[in-house]
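Residue numbers (our numbering), protein chains in the order written: chain G, 6 to 119; chain D, 6 to 115.
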């Protein structure tokens, strides 16, 4: 099976712009979670989607949003970018069946906001 | 809310055994997972404990005590390639709402 893929891998934006990141989960996985990883804050949970519905949401401002499509692919959007949004954005998929605690991470999108 | 604590750094030599502890405070608890992340890479799943006791996978073992809200990852016969960050993570529902610990950076010295 192909792993989790994320596009783009690297991105440079300026403050005030918006950005859309894409994640394709492992085939058959219906749960996609998004995380922000920074040196100072570690891995922080953004939100989780399952069958096109957002089930859980972390403590991030409304500028961070996401969606999931019928094929389980997911996108996250960050509007009005701030310098502090510079981070590695990781998505992870899981099967939500036996062993559903296992999350499979993509390589991440490294976002730099100037 | 949920919070997890791990040591920030651990150093050991090749061939040694190292234990990375994780304590958690959660409003609900479903299981404790461990992930490894090399510099520049993505986290990869190592082990999962839902019940008390020890789970062994090759050189890695993970332990959970639900009554103590405590777990650890045990790495045996350390190799240089084990140098990485190790994260514990809990979810308060089946496969949902993961919270990761701050991570422990393991350095394996020759």
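C-beta atoms are modelled at their ideal positions from N, C-alpha and C, and glycine is treated no differently.
query: 8 Å Cβ shell around residue 91(G) - same chain, five flanking residues per side excluded; result: 43, 116, 117 and 118
query: Alpha-carbon spacing of residue 75(D) relative to residue 17(G), whole angstroms; result: 40 Å
query: Contact under 8 Å by Cβ, residue 90(D) with residue 63(D); result: no
query: Proximal chain G residues relative to residue 49(D), where beta-carbon distance stays under 9 Å; result: 109 and 110
query: Contact the segment 16 to 28 of chain D vs the segment 37 to 57 of chain G: 3+ CB pairs below 8 Å; result: no
query: Endpoints, the beta strand (DSSP E) within which residue 68(D) is located; result: 65 to 70
query: Beta carbon proximity, residue 58(D) to chain G, threshold 8 Å; result: no
query: 9 Å Cβ cut-off: residues of chain D touching residue 71(G); result: Residues of chain D passing the Cβ test: none, with the nearest at roughly 15 Å.
query: With 16 other Cβ atoms within 10 Å as the buried cut-off, status of residue 6(G); result: exposed
query: Beta bridge counterpart(s) of residue 71(G) as assigned by DSSP; result: 81(G)
query: Residue 8(D) beta carbon near the ligand GTP (any heavy atom closer than 7 Å); result: Of the ligands one can find in the structure shown there are none, so the ligand GTP has no counterpart to examine.
query: C-beta neighbour in chain D for residue 51(G), strict 8 Å; result: no
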